[in-house]
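K.L.:
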Amino acid sequence: MFEIKKYPDKILRRKCKPVEKITPKEAKLFKDMLGLMLNSSGIGLAAPQLGINLRMIVADIGASPVFLANPQVVKAQGNAKMEEGCLSVPQVTVVINRPDKITVQGLDENNQLIEIQAHGLLARVILHEIDHLNGKLILDYMSFLQRLRSKLRCSKKS
Ligand code: ZN
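Numbering (our numbering), first residue to last: 73 to 230.
Written as structure tokens, this is what we have:
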């Protein structure tokens with residue numbers, strides 16, 4: 073079974089490879105990702121978080137699941153600040169400024185090229201997961217001082 077890779081696992085820092093085609097194998101991986109995400113009470117997950125070096129993400133903020141391979145943001149508007157956490161970086165939250173409204177293209181679970189318009193939380197989740205495909209984590213948005221504070225918090229706990 074899959075498990076969620078945690079920081080500082082090196083797989084989380086790699087740039088992921090594009091998916092050539094969504095075959096039944098990749099479609100199953102999408103479903104496995106969604107299952108693991110829901111089990112972990114997450115609202116988004118990227119393949120590298122399972123140790124898989126492919127550009128595949130899932131997101132579900134409660135409406136219906138979004139499956140995207142090779143996601144590409146073709147339009148981004150506005151911006152909003154919100155606190156984010158990450159299943160791969162437990163116990164850390166960071167306030168991140170991101171576009172508020174996006175148009176994103178990619179392959180769905182049926183290998184169809186789709187375009188999704190997302191705003192608010194869904195836009196944020198999709199952008200967070202795309203960061204994972206580029207080896208970027210919420211920690212990268214922290215200032216030096218924030219990093220230091222969270223390190224102190226972590227070391228106090230252990
Ligand atoms: Zn994450």
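The beta carbon of each residue, even a glycine, is placed where N, CA and C say it ideally should be.
Closest by CA to leucine 159, which one among Leu217, Gln121, Val91?
P.N.:
Gln121
K.L.:
Would you call glycine 116 buried or exposed, if buried means 16 or more other Cβ atoms sit within 10 Å of its Cβ?
P.N.:
Around the beta carbon of glycine 116, a 10 Å sphere encloses 16 or more other beta carbons of the protein chains shown; the residue is thus reported as buried.
K.L.:
Can you give me the C-alpha to C-alpha distance between methionine 214 and leucine 185, rounded to a whole angstrom?
P.N.:
35 Å
K.L.:
Candidates Met128, Lys147, Arg86: which alpha carbon is nearest histidine 191's?
P.N.:
Lys147
K.L.:
Considering only the beta carbon of each residue, do tyrosine 79 and valine 197 sit closer than 8 Å?
P.N.:
Cβ atoms of tyrosine 79 and valine 197: not closer than 8 Å.
K.L.:
If you compare alpha carbons, which of Gly123, Arg127, Gln149, Pro96 is closest to glutamate 201?
P.N.:
Arg127
K.L.:
May I ask you to list the residues that DSSP assigns as paired with methionine 154?
P.N.:
DSSP links methionine 154 through a beta bridge to Ile168.
K.L.:
Please report the straight-line C-alpha distance between tyrosine 111 and isoleucine 174, rounded to a whole angstrom.
P.N.:
Note that residue 111 corresponds to asparagine in the displayed sequence, not to tyrosine. If you take the alpha carbons of asparagine 111 and isoleucine 174, they lie about 27 Å apart.
K.L.:
Please confirm if the stretch 217-224 is in contact with the stretch 127-143, defined as three or more CB-CB distances below 8 Å between the two stretches.
P.N.:
no
K.L.:
Answer yes or no: do asparagine 142 and valine 176 have a C-beta to C-beta separation smaller than 8 Å?
P.N.:
no
K.L.:
DSSP state of phenylalanine 102, grouped into three classes?
P.N.:
helix
K.L.:
If the criterion is Cβ atoms closer than 8 Å, does the pair glycine 150 and aspartate 172 meet it?
P.N.:
Yes.
K.L.:
If we ignore side chains and look at the alpha-carbon of each, how far apart do cysteine 88 and alanine 119 end up?
P.N.:
9 Å
K.L.:
With hydrogens ignored, establish whether the beta-carbon of serine 222 is closer than 7 Å to any heavy atom of ligand 1.
P.N.:
no
K.L.:
Which partner residues of lysine 89 appear in the DSSP bridge assignment?
P.N.:
Leu126
K.L.:
With a threshold of 7 Å, establish whether the CB of cysteine 88 neighbours any heavy atom of ligand 1.
P.N.:
no
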